[in-house]
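S.K.: Heads up, the numbering used here is the position in the sequence shown plus 59, with the first residue counted as 1.
For every residue, glycine included, the Cβ atom is placed at its ideal position computed from N, Cα and C.
Got a structure for you, questions after.
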Amino acid sequence: MLQVAVIGCGVIGPVHAAAVRLDQETVLRWACDRDPAKLARVAAERQTQDAAEVFADPTVDLVCVCTQHPEHAALIVGALTAGKHVVCEKPLASTPSDLQRILAAAAAHPRQVASGIFQHRYAPLARRLRQVVADGAFGTITSLDVDFVCTRDQGYYASGAWRGKRIAEGGGVAINQGIHSIDLGLWLSGAEARQVSGRVRRRRLACIEVEDLFEAEVACAGGLTAKLRADNDGVTGWKQRIVVRGSRGSFTLGDGHRLLAVEHSSGALREELQALDSCNLDGRPLGGGKDVYGYHHALQIADVIEAIRSGRRPMVAVADAVQANAVILATYHATATGHPAVLPLDQSSYVYPNLPLESA
Ligand SMILES: NC(=O)c1ccc[n+]([C@@H]2O[C@H](COP(=O)([O-])OP(=O)(O)OC[C@H]3O[C@@H](n4cnc5c(N)ncnc54)[C@H](O)[C@@H]3O)[C@@H](O)[C@H]2O)c1
Numbered sequence: 060m061l062q063v064a065v066i067g068c069g070v071i072g073p074v075h076a077a078a079v080r081l082d083q084e085t086v087l088r089w090a091c092d093r094d095p096a097k098l099a100r101v102a103a104e105r106q107t108q109d110a111a112e113v114f115a116d117p118t119v120d121l122v123c124v125c126t127q128h129p130e131h132a133a134l135i136v137g138a139l140t141a142g143k144h145v146v147c148e149k150p151l152a153s154t155p156s157d158l159q160r161i162l163a164a165a166a167a168h169p170r171q172v173a174s175g176i177f178q179h180r181y182a183p184l185a186r187r188l189r190q191v192v193a194d195g196a197f198g199t200i201t202s203l204d205v206d207f208v209c210t211r212d213q214g215y216y217a218s219g220a221w222r223g224k225r226i227a228e229g230g231g232v233a234i235n236q237g238i239h240s241i242d243l244g245l246w247l248s249g250a251e252a253r254q255v256s257g258r259v260r261r262r263r264l265a266c267i268e269v270e271d272l273f274e275a276e277v278a279c280a281g282g283l284t285a286k287l288r289a290d291n292d293g294v295t296g297w298k299q300r301i302v303v304r305g306s307r308g309s310f311t312l313g314d315g316h317r318l319l320a321v322e323h324s325s326g327a328l329r330e331e332l333q334a335l336d337s338c339n340l341d342g343r344p345l346g347g348g349k350d351v352y353g354y355h356h357a358l359q360i361a362d363v364i365e366a367i368r369s370g371r372r373p374m375v376a377v378a379d380a381v382q383a384n385a386v387i388l389a390t391y392h393a394t395a396t397g398h399p400a401v402l403p404l405d406q407s408s409y410v411y412p413n414l415p416l417e418s419a
């Protein structure tokens with residue numbers, strides 16, 4: 060039996076617990092949360108408010124880190140140092156130095172699985188698109204456009220003391236909500252980000268310290284340019300567009316990352332992609348989640364468990380989950396300095412910008 064601990068039992072912790080329970084050979088050994096009311100949301104063999112107790116238990120194999128962003132690095136490092144496998148929610152880190160600590164810890168424990176959650180990559184359509192782009196079916200990828208819009212208002216930001224704070228959340232609509240579409244777009248197009256220009260703004264919300272608009276242009280290896288936008292506009296529910304264009308075709312994903320359009324000379328490829336789109340869900344909806352998360356936590360947790368059992372790399376190792384996170388931090392840094400940011404970011408000079416409210 061694989062023994063699992065979930066640390067952080069707020070909104071997403073119960074989704075991890077439900078995904079873990081789908082595996083018959085797995086036991087939820089620990090639920091851990093500093094807040095007793097949140098702790099009560101996840102039923103497990105044992106409960107604790109102190110993560111150190113989880114790390115000290117030699118029977119624990121896998122730790123799911125489901126806390127707010129600045130806690131991630133210490134918990135990942137703690138889990139790996141204690142000999143556990145670990146899977147951590149997005150974003151891995153709210154600063155470049157935490158990102159570096161996580162990568163260093165994963166590299167220092169190569170026999171342990173260390174995975175970063177980006178569940179939307181597990182949709183069958185996304186996986187196939189990634190494969191055919193990598194095989195060259197769409198030719199040289201020349202442009203990527205990501206446009207994400209949602210509404211997060213005062214009620215949402217009041218739902219947790221960490222939300223909307225520079226230090227505690229590390230950013231706003233980009234690092235928390237838009238990161239899913241930004242990651243999916245960069246991953247699907249095979250982008251290797253080199254330099255980031257852009258700006259973030261706080262246009263309308265007095266209750267937060269972080270951005271409600273993020274706009275970046277990313278120069279990538281091979282001449283690919285990525286335009287990324289994440290907008291908390293106060294009007295729109297949850298919408299996204301990802302457009303990938305190459306020298307031999309293009310495709311567009313829309314809301315729910317469904318296939319809106321595919322331009323390609325091969326009818327067989329177009330039909331295959333359209334067929335995959337209609338089986339976008341894995342058919343195992345989880346309790347405790349929301350539609351916007353999609354249903355793919357189950358697939359990612361299953362992949363992590365399978366990787367542990369077979370000694371292989373997970374589909375999203377922490378090193379694979381870094382790029383969108385780093386591009387977003389680079390845009391924050393570019394806003395603060397007024398200059399394009401080159402990746403990897405210089406950890407020592409990183410700063411989140413001071414964002415005066417524009418509508419004040
Ligand atoms: N993948 C997705 O679709 C998705 C969706 C929602 C949230 N998330 C991510 O999940 C993470 C958690 O978000 P949430 O909305 O569940 O937050 P939340 O505030 O609802 O829950 C976080 C919990 O962690 C607990 N906690 C924090 N530090 C702790 C520590 N050191 N030890 C024990 N408990 C600790 C808090 O008490 C809190 O109950 C964030 O990284 C967020 O971005 C991902």
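Mapping DSSP to helix, strand and coil, what is Asp290?
M.R.: Strand.
S.K.: In the DSSP output, which residue or residues are listed as bridge partners for Leu61?
M.R.: Per DSSP, Thr85.
S.K.: Given that a residue counts as buried once 16 or more other Cβ atoms are within 10 Å of its Cβ, and exposed if not, what is Pro117?
M.R.: Exposed: under 16 other Cβ atoms inside 10 Å.
S.K.: Tell me whether Pro16, by its Cβ, gets closer than 8 Å to a heavy atom of ligand 1.
M.R.: For residue 16 there is no data in the structure shown, the boundaries of the chain being 60 and 419.
S.K.: With distances taken between CB atoms, is the gap from Val101 to Val124 smaller than 9 Å?
M.R.: Going by C-beta atoms, Val101 is not nearer than 9 Å to Val124.
S.K.: Leaving aside the five residues before and after Gly346 along the sequence, list all residues of the same chain whose C-beta is less than 6 Å from its C-beta, in chain order.
M.R.: Here Gly346 scores only 48 on pLDDT, less than 50, and its place in the model should not be relied on; the value that follows carries that caveat. For Gly346, where only same-chain residues beyond five positions count, the Cβ hits under 6 Å are Ala77.
S.K.: Taking Gln108 and Arg88 to be in contact with their CB atoms under 8 Å, please state how far apart those CB atoms are, rounded to whole angstroms.
M.R.: That pair is no contact at about 16 Å.
S.K.: At a threshold of 8 Å, does Gln333 count as lining ligand 1 (C-beta to nearest heavy atom)?
M.R.: No; taking the cut-off as 8 Å, the Cβ of Gln333 has no heavy atom of ligand 1 nearer than that.
S.K.: Within the chosen definition, does the stretch 134-152 reach the stretch 352-369 through at least 3 CB pairs nearer than 8 Å?
M.R.: Because the criterion of three Cβ pairs below 8 Å is met, the stretch 134-152 and the stretch 352-369 touch.
S.K.: Helix or strand or just coil, what does DSSP make of Gln106?
M.R.: Three-state DSSP puts Gln106 in a strand.
S.K.: Near Gly214, which residues of its chain fall below 7 Å by C-beta distance, leaving aside the five closest residues on each side in sequence?
M.R.: Taken in chain order, the list of residues that qualify is empty.
S.K.: Is the CB-CB distance between Phe273 and Ala327 below 9 Å?
M.R.: The answer is no: Cβ separation not under 9 Å.
S.K.: Which whole-angstrom value is the C-beta distance of Ala395 and Pro412, which I expect to be below 8 Å?
M.R.: Indeed they touch by this definition, with Cβ atoms about 4 Å apart.
S.K.: From what residue to what residue does the alpha helix (DSSP H) around Ala385 run?
M.R.: Where Ala385 is concerned, the enclosing alpha helix (DSSP H) stretches over Val381 to Thr396.
S.K.: Any heavy atom of ligand 1 within a distance shorter than 8 Å of the CB on Leu139?
M.R.: Incorrect: Leu139 has no Cβ contact closer than 8 Å to ligand 1.
S.K.: When DSSP labels each residue in this structure, what does Met260 get in the three-state scheme?
M.R.: The residue asked about is misnamed: residue 260 is Arg in this sequence, not Met. In this structure, Arg260 counts as strand in the three-state DSSP scheme.
S.K.: Mind pulling the alpha helix (DSSP H) runs of 4 or more residues that sit fully within the stretch 172-225?
M.R.: You should have 183-193 and 213-217.
S.K.: If we count the other Cβ atoms within 10 Å of its Cβ and call it buried at 16 or more, is Ser324 buried or exposed?
M.R.: Its Cβ having fewer than 16 others within 10 Å, Ser324 is exposed.
S.K.: Figure out for me which residue from Gly315, Asp157, Ile71 and Val259 has the closest Cα to the Cα of Val269.
M.R.: Nearest option by C-alpha distance: Val259.
S.K.: Does DSSP put Glu251 in a helix, in a strand, or in coil?
M.R.: Coil.
S.K.: If I follow the unbroken beta strand (DSSP E) through Arg300, where does it start and stop?
M.R.: Arg300 -> beta strand (DSSP E) spans Trp297 to Gly305.
S.K.: Taking the alpha-carbon positions, what's the Asp405 to Val255 distance?
M.R.: Roughly 13 Å between the two C-alpha positions.
S.K.: Taking DSSP as the reference, what is the three-state secondary structure of Thr34?
M.R.: Any property of residue 34 remains undetermined from this structure, which presents the chain solely from 60 to 419.
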